[in-house]
Amino acid sequence: RGVRREQVRRGMVLAAVGSQSARSAFRARVYLLTPEEGGRRKPVADGYRPQFYLRTTDVPGRIALEGTARPGDTVEVEVELGKAVAVEPGLGFAIREGGLTVGAGTVLSV
């Protein structure tokens, strides 16, 4: 209410006041696609820097994990985004690298 169409851009979230908060870090469960599913061939390690696609926005980020995760693994990780975006537990997202989707995740906690 009170927001004009020209004030809204791709990736923005319209919500009731106080119902959402922007975060740049969260805990997530992530599944890494296998090469047969179109994913990576090599494992990822702490510090991996893919693109995260949340709703209609994409933002660079970093994954923190203990050890490595191989294609086909499901792991819990800490995600640190390059900018704050509206996230909440249960939100799904895609992980992309070089124009390919290499994983999928769900926000566990913010």
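Residue numbering for the sequence shown follows my numbering, starting at 1355 and increasing by one per position. C-beta: ideal position from N, C-alpha, C; glycine also. The structure presented is a predicted model; accordingly, all values stated were derived computationally and were not measured.
In terms of alpha-carbon separation, which member of the options lies closest to residue i?
{"i": "Ser1378", "options": "Tyr1385, Arg1358, Pro1414", "result": "Pro1414"}
{"i": "Gly1452", "options": "Arg1381, Glu1360, Val1357, Gly1393", "result": "Gly1393"}
{"i": "Pro1404", "options": "Val1464, Val1461, Val1456", "result": "Val1456"}
{"i": "Thr1411", "options": "Ser1463, Val1441, Arg1359, Val1357", "result": "Val1441"}
{"i": "Leu1445", "options": "Gly1401, Pro1389, Tyr1407", "result": "Tyr1407"}
Residue i by DSSP, collapsed to three states: which one?
{"i": "Glu1430", "result": "strand"}
{"i": "Pro1397", "result": "coil"}
{"i": "Arg1377", "result": "strand"}
{"i": "Arg1359", "result": "helix"}
{"i": "Pro1425", "result": "coil"}
{"i": "Gly1404", "result": "First, the amino acid is wrong: residue 1404 is Pro here, not Gly. Three-state DSSP puts Pro1404 in coil, outside helix and strand."}
{"i": "Glu1451", "result": "strand"}
{"i": "Pro1443", "result": "coil"}
Should residue i and residue j be called a contact, given that it needs their Cβ atoms to be closer than 8 Å?
{"i": "Val1429", "j": "Ala1376", "result": "no"}
{"i": "Ala1399", "j": "Gly1459", "result": "no"}
{"i": "Leu1386", "j": "Gly1436", "result": "no"}
{"i": "Ala1432", "j": "Ala1448", "result": "Correcting the residue identity first, residue 1432 is Glu in this sequence and not Ala. No, the pair does not count as a contact, with Cβ atoms beyond the cut-off."}
{"i": "Arg1359", "j": "Pro1397", "result": "no"}
Does residue i come within less than 8 Å of chain C when only Cβ atoms are used?
{"i": "Gly1392", "result": "Structure shown: chain C not included; a single protein chain is present."}
Classify residue i: buried if its beta carbon has 16 or more other beta carbons within 10 angstroms, exposed otherwise.
{"i": "Val1384", "result": "buried"}
{"i": "Val1357", "result": "exposed"}
Return the Cβ separation of residue i and residue j in integer angstroms, given the expectation that the two are a contact with Cβ distance under 8 Å.
{"i": "Glu1434", "j": "Arg1416", "result": "5 Å"}
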